[in-house]
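S.K.: Protein chains in written order, with our numbering: chain A, 1 to 113; chain B, 114 to 229.
Heads up, the beta-carbon is just placed ideally off N, CA and C, and yes, glycines get one too.
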Amino acid sequence: DQQVKQNSPSLSVQEGRISILNCDYTNSMFDYFLWYKKYPAEGPTFLISISSIKDKNEDGRFTVFLNKSAKHLSLHIVPSQPGDSAVYFCAASGNSGYSTLTFGKGTMLLVSP
Amino acid sequence: EPEVTQTPSHQVTQMGQEVILRCVPISNHLYFYWYRQILGQKVEFLVSFYNNEISEKSEIFDDQFSVERPDGSNFTLKIRSTKLEDSAMYFCASSQQGPYSNQPQHFGDGTRLSIL
Numbered sequence: 001d002q003q004v005k006q007n008s009p010s011l012s013v014q015e016g017r018i019s020i021l022n023c024d025y026t027n028s029m030f031d032y033f034l035w036y037k038k039y040p041a042e043g044p045t046f047l048i049s050i051s052s053i054k055d056k057n058e059d060g061r062f063t064v065f066l067n068k069s070a071k072h073l074s075l076h077i078v079p080s081q082p083g084d085s086a087v088y089f090c091a092a093s094g095n096s097g098y099s100t101l102t103f104g105k106g107t108m109l110l111v112s113p
Numbered sequence: 114e115p116e117v118t119q120t121p122s123h124q125v126t127q128m129g130q131e132v133i134l135r136c137v138p139i140s141n142h143l144y145f146y147w148y149r150q151i152l153g154q155k156v157e158f159l160v161s162f163y164n165n166e167i168s169e170k171s172e173i174f175d176d177q178f179s180v181e182r183p184d185g186s187n188f189t190l191k192i193r194s195t196k197l198e199d200s201a202m203y204f205c206a207s208s209q210q211g212p213y214s215n216q217p218q219h220f221g222d223g224t225r226l227s228i229l
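(1) Spatial neighbours of A/Q3 within its chain, please: CB distance less than 8 Å, with the 5 preceding and 5 following residues excluded, ordered by chain position.
(2) Leaving aside the five residues before and after B/M128 along the sequence, list all residues of the same chain whose C-beta is less than 7 Å from its C-beta, in chain order.
(3) Mind pulling the chain C residues with CB within less than 8 Å of B/G185?
(4) Return the CA-CA distance between B/I151 and B/N215, expressed in angstroms with no decimal places.
(5) Note down the Cα distance separating B/Q154 from B/I173, rounded to an integer number of angstroms.
(6) With a threshold of 8 Å between beta-carbons, can A/L110 be considered close to chain B, or not?
(7) Taking the beta carbon of A/I50 as the centre, do at least 16 other beta carbons fall within 10 Å, making it buried, or is it exposed?
(8) CB-CB under 6 Å to A/S96, same chain, minus the five flanking residues each way: which ones, in chain order?
(9) What is the rounded straight-line gap between the Cα of B/T224 and the Cα of A/H76?
(10) Look at the Cβ atom of A/V13, then the Cβ atom of A/V87, and state whether they are nearer than 8 Å.
(11) What separation, rounded to the nearest whole angstrom, lies between the Cα atoms of B/S200 and A/K5?
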């Protein structure tokens with residue numbers, strides 16, 4: 001059961017442009033969403049999160065948007081840099097027995113110079 | 114910046130042997146987790162631990178798995194009798210407050226477990 005879906009396994013973007021990574025979820029009990037970045041041979045690194053009471057959260061070049069009615073969130077990276085090249089995981093958690101993180105399969109972002 | 118550290122980085126074990134994976138969570142964190150990622154698949158939750166007991170576990174975390182906080186700093190995952198399908202990357206994570214508090218979990222770099 002894929003409660004958190006990242007339908008794009010990969011994304012290629014040019015340096016300086018916007019990267020948009022998408023994530024869909026099916027469980028309406030999720031109320032907290034996170035994005036993690038992962039380089040090879042390293043663990044996931046927390047990037048940014050959003051609570052379900054908000055529809056946008058911004059931190060520097062990273063902005064996460066949440067559309068609860070569509071059960072969709074997206075991560076925008078502007079401007080994209082070559083060092084952003086990594087696998088990006090969407091994760092979700094919530095109450096009522098879903099307290100731990102449920103991850104998507106990840107999207108590999110490649111930012112070319 | 115404080116980190117979650119995991120040892121060893123790579124463990125090779127014969128099928129049927131016991132293995133212990135070690136983690137040192139961030140020092141002021143109170144909640145600890147183990148996740149695993151089988152090659153090519155998504156990161157999956159195994160178990161969460163708080164106040165010296167398991168707070169939640171997934172169906173993956175069966176009787177061959179156990180966790181322990183043997184002292185004030187280490188958090189271990191033991192697999193009693195390893196199977197080929199236990200081969201995966203195992204990630205330890207910790208958070209300052211519980212999952213309901215909207216505090217992010219911070220991950221170690223993982224232990225790659227290879228069962229022969």
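M.R.: According to the structure shown:
(1) Locating residue 3 of chain A in the first sequence gives position 3, where the first residue counts as 1. Y25, T26, N27, F30, A92 and T102.
(2) Here residue 128 of chain B corresponds to residue number 15 of the second sequence, with the count starting at 1. Here the set comprises T195, K196, L197, I228 and L229.
(3) Here chain C cannot be found, since the structure's protein chains are A and B.
(4) Start at 1 with the first residue of the second sequence, and residue 151 of chain B comes out as number 38. Start at 1 with the first residue of the second sequence, and residue 215 of chain B comes out as number 102. If you take the alpha carbons of B/I151 and B/N215, they lie about 27 Å apart.
(5) Counted from its first residue, the second sequence places residue 154 of chain B at position 41. Counted from its first residue, the second sequence places residue 173 of chain B at position 60. C-alpha separation (whole angstroms): 14 Å.
(6) Walking along the first sequence from the start, residue 110 of chain A turns up at place 110. Answer no: the Cβ-Cβ gap between A/L110 and chain B never drops below 8 Å.
(7) Translated into positions along the first sequence, residue 50 of chain A becomes position 50. Flag for A/I50 reads buried.
(8) To locate residue 96 of chain A, count along the first sequence from 1; it is residue 96. Below a pLDDT of 50, predicted positions are generally treated as unreliable, and A/S96, at 46, falls in that range; the measurement from the model is reported next regardless. The residues are M29.
(9) Residue numbering aside, residue 224 of chain B sits at position 111 when the second sequence is read from its first letter. Residue numbering aside, residue 76 of chain A sits at position 76 when the first sequence is read from its first letter. Distance between the alpha carbons of B/T224 and A/H76: 31 Å.
(10) Translated into the one-based positions of the first sequence, residue 13 of chain A becomes position 13. Translated into the one-based positions of the first sequence, residue 87 of chain A becomes position 87. Cβ atoms of A/V13 and A/V87: not closer than 8 Å.
(11) In the second sequence, the residue the question calls residue 200 of chain B occupies position 87. In the first sequence, the residue the question calls residue 5 of chain A occupies position 5. Approximately 24 Å, taken between the alpha carbons.
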